[in-house]
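Down below is the structure, laid out as structure tokens.
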Amino acid sequence: MDVELPDMTGFELLQQLDTINFQTIFTTSHSHYAIKAFRFNALDYLVKPVEESELDEAIKRLLKSANMGWK
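First residue of the sequence shown? That's 90 in my numbering, and the numbers climb one at a time after it.
As structure tokens, this is what we get:
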């Protein structure tokens, strides 16, 4: 999820949910949002431009956590 969306931030979007029962991979051009991202159960925080190897590793972690039954 991009941190800076057209009408709100990704954080504001997540705050509108009753429950966050999933992990999120955040992407942004700004590193200063990282701590806030992990308060929203971020699995990873990727700073743009995202390298393919970074994205691959984040996806592997996501799949591994899904296989372990993360809730």
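Built from N, CA and C at the ideal position, the CB exists for glycine as well.
Review point. Skipping 5 residues on each side, what residues in its chain have a beta carbon closer than 8 Å to that of V92?
Key: As a position in the sequence shown, residue 92 is number 3, starting the count at 1. Around V92: T98, G99, F100, F115, T116, T117, H119, Y122 and A126.
Exercise for review: Would you give the residue range spanned by the alpha helix (DSSP H) that L103 belongs to?
Suggested key: Translated into positions along the sequence shown, residue 103 becomes position 14. Where L103 is concerned, the enclosing alpha helix (DSSP H) stretches over G99 to Q104.
Exercise for review: Specify, as a first and last residue, the run of the beta strand (DSSP E) that I109 falls within.
Suggested key: For the purposes of this step, residue 109 is identified with residue 20 of the sequence shown, where counting begins at 1. Looking at the DSSP string, I109 is not in any beta strand (DSSP E), and its letter there is neither H nor E.
Point to revise | Host alpha helix (DSSP H) of L132 (start-end) | key: In the sequence shown, counting from the first residue as 1, residue 132 sits at position 43. First-last for L132: A131 to V136, but that is the beta strand (DSSP E), not the alpha helix (DSSP H).
Review point. Any idea what DSSP makes of E93, helix, strand or coil?
Key: Within the sequence shown, the letter at position 4 stands for residue 93. E93 falls in the strand class under three-state DSSP.
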